[in-house]
Amino acid sequence: MNEEIKILYLDDEVNNLVAFKAYFRLDYQIFVAENTNEALKILEEHTDLRIIFTDQRMPDKLGTDFLDEIRVIYPLPVRILLTAYADDLNTAIDAINKGNVYRYVKKPWSVEAISAVIMDANRYYLTNSLLSVKNKELEQAYNELDKFAHSVSHDIRGPLAGIMAAAQLAQDISDLNEIGELLQIIVNSAEKLDRYILTIHDYYSVRRGEFNIVDINLNTLADDLRVMYEAIANAKGIRFTITINNSDVFRSDEVSVKLVLNNLLSNAFKYQKKDYNYKYVHLEMGVERGVATFVVKDSGIGIPEKYLGEIFKLFFRATLLEAGSGLGLYNVKNILTKLGGQITVNSVENVGTEFIVSIPTK
Amino acid sequence: MKYPFIVIDDSPIDCLIVKKVIGFSGKSSDVRVFNDATLALQYIENEEECKRTSISFITLDIMMPIMNGFEFLDKFIDLPKSIQDRYKIIILSLSNNEHTLKRLQKYSVIEAIVEKPITMDKFAAVIGKFNG
Numbered sequence: 070m071n072e073e074i075k076i077l078y079l080d081d082e083v084n085n086l087v088a089f090k091a092y093f094r095l096d097y098q099i100f101v102a103e104n105t106n107e108a109l110k111i112l113e114e115h116t117d118l119r120i121i122f123t124d125q126r127m128p129d130k131l132g133t134d135f136l137d138e139i140r141v142i143y144p145l146p147v148r149i150l151l152t153a154y155a156d157d158l159n160t161a162i163d164a165i166n167k168g169n170v171y172r173y174v175k176k177p178w179s180v181e182a183i184s185a186v187i188m189d190a191n192r193y194y195l196t197n198s199l200l201s202v203k204n205k206e207l208e209q210a211y212n213e214l215d216k217f218a219h220s221v222s223h224d225i226r227g228p229l230a231g232i233m234a235a236a237q238l239a240q241d242i243s244d245l246n247e248i249g250e251l252l253q254i255i256v257n258s259a260e261k262l263d264r265y266i267l268t269i270h271d272y273y274s275v276r277r278g279e280f281n282i283v284d285i286n287l288n289t290l291a292d293d294l295r296v297m298y299e300a301i302a303n304a305k306g307i308r309f310t311i312t313i314n315n316s317d318v319f320r321s322d323e324v325s326v327k328l329v330l331n332n333l334l335s336n337a338f339k340y341q342k343k344d345y346n347y348k349y350v351h352l353e354m355g356v357e358r359g360v361a362t363f364v365v366k367d368s369g370i371g372i373p374e375k376y377l378g379e380i381f382k383l384f385f386r387a388t389l390l391e392a393g394s395g396l397g398l399y400n401v402k403n404i405l406t407k408l409g410g411q412i413t414v415n416s417v418e419n420v421g422t423e424f425i426v427s428i429p430t431k
Numbered sequence: 057m058k059y060p061f062i063v064i065d066d067s068p069i070d071c072l073i074v075k076k077v078i079g080f081s082g083k084s085s086d087v088r089v090f091n092d093a094t095l096a097l098q099y100i101e102n103e104e105e106c107k108r109t110s111i112s113f114i115t116l117d118i119m120m121p122i123m124n125g126f127e128f129l130d131k132f133i134d135l136p137k138s139i140q141d142r143y144k145i146i147i148l149s150l151s152n153n154e155h156t157l158k159r160l161q162k163y164s165v166i167e168a169i170v171e172k173p174i175t176m177d178k179f180a181a182v183i184g185k186f187n188g
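From first to last, the protein sequence lines stand for chains A and B. Reminder that position 257 of the first sequence reads as 326 in my numbering, one-by-one numbering, no gaps. Reminder that position 71 of the second sequence reads as 127 in my numbering, one-by-one numbering, no gaps.
The structure is reproduced here in structure tokens:
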């Protein structure tokens with residue numbers, strides 16, 4: 070049985086409903102309604118209904134009128150009209166021409182005729198909904214492009230302007246100490262620009278979403294991360310610990326998993342409280358029942374509650390304290406969506422933040 | 057004549073550069089830097105500052121998180137006239153596209169608009185007007 074294909078049949082003659090259900094219930098999910106109110110209730114509950122059959126002559130309403138009414142609210146289901154009367158032919162043709170009805174089937178219907186119409190209508194439904202999904206994707210891509218164009222002026226031209234200004238200034242003065250400071254500004258600006266370009270690169274590799282699924286060993290992953298963050302942990306006096314709970318097989322895209330962890334960890338190291346003696350970053354990971362869980366916890370500045378809903382948005386920045394691009398957590402969220410994973414955040418201002426990531430193994 | 061300066065820019069690097077340009081120009085008595093425009097606003101509103109009578113310059117960035125340049129200007133023009141009159145605002149921004157310029161035109165408190173990167177020449181051209 071094809072559970073996915075949901076069909077509604079509206080007819081005031083109960084015998085027809087019974088026969089319809091009897092014939093097709095094994096192949097499709099069938100819903101029947103004796104009047105338009107029942108039909109509306111079903112439409113409301115099952116927004117993924119694909120096909121609607123309706124009788125034309127019903128005591129409370131004409132089938133064509135009903136289809137005309139629901140078309141605006143429920144544009145996706147494919148609408149099919151059934152009628153026994155030759156007189157209705159003109160009304161049916163009119164409805165088809167108006168685009169309210171996809172097909173017209175003569176009563177008494179045959180199983181073959183209905184089967185053929187269902188196949189056709191389902192194909193039509195799939196093409197249409199695929200189109201609307203693609204349309205939404207396109208719209209989102211366009212909006213992001215728009216945001217990108219806007220941010221480029223700030224995040225790429227910003228450091229460049231810094232470099233130009235410092236270089237120009239260095240030409241205008243002769244004090245060697247001052248020139249040394251200006252050179253440092255140039256180096257810092259160049260590094261900032263470089264970091265930004267790297268996150269843009271991440272953004273595009275996430276978007277392309279080409280995954281290479283391999284076995285990921287949590288112990289090896291932990292070793293890599295320890296080596297990577299040793300220097301910054303020592304330099305900033307932050308205790309960095311990793312615990313591994315249990316390590317079943319975890320299959321996923323290693324680059325993506327590392328990108329997620331590196332974003333969360335570098336944030337955890339970056340947004341620490343300034344004068345605090347017990348700074349720590351803790352990573353806990355494990356795989357259980359086919360789901361890998363990663364918890365990144367820090368003793369940082371925390372995130373104000375009003376911003377918690379915003380942090381995964383493109384180009385959102387909640388604080389001035391550290392340089393951020395507003396891309397990192399957006400990339401994280403995007404990858405996790407693509408991997409079928411999830412992320413939640415708990416945070417208390419001036420106490421710390423905890424990100425919990427779960428990724429199902431592939 | 058030397059003036060006090062207030063620099064408002066979220067980028068510490070940009071602040072440092074503006075501070076240096078102002079310093080080298082020899083036109084400043086002191087320079088205060090704010091990465092957060094809300095704090096700059098608080099500073100301007102505080103009593104001690106309000107008592108001063110001399111002219112101060114503000115260089116203001118536009119694209120900033122938390123409070124951007126436009127939001128700062130909106131708050132600024134709600135301040136008492138006596139405070140507003142003490143300040144000359146210079147917009148110092150990257151995004152001087154037509155849309156931004158049009159929006160900025162609505163604020164009569166703006167003295168000049170300078171596009172980043174800031175140079176000694178650009179700065180001198182703006183400040184030179186007040187040397188008479």
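All residues carry an ideal CB built from backbone N, CA and C; glycine is no exception.
Within 10 angstroms of the beta-carbon of residue 125 (chain B) lie 16 or more other beta-carbons, which makes it buried. Taking C-beta atoms as the reference points, residue 178 (chain B) and residue 170 (chain B) count as a pair closer than 7 Å. Near chain B, meaning a CB-to-CB distance below 9 Å, no residue of the segment 408-419 of chain A qualifies. With fewer than 16 other Cβ atoms from the protein chains shown falling within 10 Å of its own Cβ, residue 57 (chain B) counts as exposed. In the DSSP annotation of this structure, residue 280 (chain A) is not part of any alpha helix (DSSP H), being labelled neither H nor E. Contact check between the segment 359-367 of chain A and the segment 315-332 of chain A: three or more CB pairs, one atom from each, fall below 8 Å, which counts as touching.
For residue 386 (chain A), a Cβ of chain B is located within less than 7 Å of the residue's own Cβ. For chain B, none of the residues of the segment 117-144 of chain A brings a beta carbon within less than 8 Å of one of its beta carbons. Taking the Cα of residue 173 (chain B) as reference, the smallest distance to any Cα among B:165, B:183, B:148 and B:185 is reached at B:148. Residues of chain B with a Cβ closer than 7 Å to the Cβ of residue 354 (chain A) do not exist; the shortest Cβ-Cβ separation is about 32 Å. Beta-bridge partners of residue 364 (chain A) (DSSP): A:353 and A:425.
The beta carbon of residue 235 (chain A) sits closer than 8 Å to the beta carbons of 251, 252, 254, 255 and 258 from its chain, once the five residues preceding and following it are set aside; these are given in chain order. The secondary-structure analysis by DSSP pairs residue 415 (chain A) across a beta bridge with A:423.
Between the alpha carbons of residue 164 (chain B) and residue 130 (chain B) lies a gap of roughly 11 Å. Between residue 113 (chain B) and residue 176 (chain B) a beta carbon distance of about 15 Å is seen, past the 8 Å cut, so the two are scored as non-contacting. Annotation for residue 175 (chain A): the continuous beta strand (DSSP E) segment containing it runs 172-175. For secondary structure counted as the beta strand (DSSP E) over 3 or more consecutive residues, the segment 107-136 of chain B holds these complete runs in sequence order: 112-116. For residue 77 (chain B), the chain A residues whose Cβ falls inside 8 Å of its Cβ are 234 and 238, in order along the chain. Note that the segment 299-312 of chain A touches the segment 334-343 of chain A; at least 3 beta-carbon pairs, one per stretch, sit closer than 8 Å.
One thing to note: residue 109 (chain A) has its Cβ no nearer than 7 Å to the Cβ of residue 77 (chain A).
CA-CA distance, residue 106 (chain A) to residue 413 (chain A), rounds to 41 Å.
Against chain B, a Cβ distance below 7 Å from residue 218 (chain A) picks out nothing, because the smallest value is about 11 Å. Using beta-carbon distances, residue 57 (chain B) does not count as an interface residue toward chain A, since no partner is under 7 Å. With its beta carbon at least 7 Å from every one in chain B, residue 321 (chain A) lies outside the interface.
Linking residue 186 (chain B) to residue 180 (chain B) through their CA atoms gives a straight-line distance of about 10 Å. The Cβ of residue 243 (chain A) sits no closer than 7 Å to any Cβ of chain B. Boundaries of the alpha helix (DSSP H) around residue 299 (chain A): 287-305. For the segment 327-338 of chain A, no residue has a beta-carbon sitting nearer than 7 Å to a beta-carbon of chain B.
Of all residues in the segment 58-75 of chain B, only 66, 67, 68, 69, 70, 72, 73 and 74 come within less than 9 Å of chain A when Cβ atoms are compared, listed by chain position. DSSP places residue 150 (chain B) outside any alpha helix (DSSP H), giving it a letter other than H or E. By the Cβ-count criterion, residue 418 (chain A) is exposed, with fewer than 16 other Cβ atoms from all chains shown falling within 10 Å of its own Cβ.
In this structure residue 80 (chain A) is buried. Its beta-carbon is surrounded by 16 or more other beta-carbon atoms within 10 angstroms. As computed with DSSP, residue 341 (chain A) is found in a beta bridge with A:369. Contact check between the segment 92-103 of chain A and the segment 132-139 of chain A: fewer than three CB pairs, one atom from each, fall below 8 Å, which does not count as touching.
Against residue 174 (chain B), the close residues of chain A are 234, in the order they occur along the chain (beta-carbon pairs closer than 7 Å). If you look at residue 149 (chain A), you'll find it in the beta strand (DSSP E) that goes 147-152.
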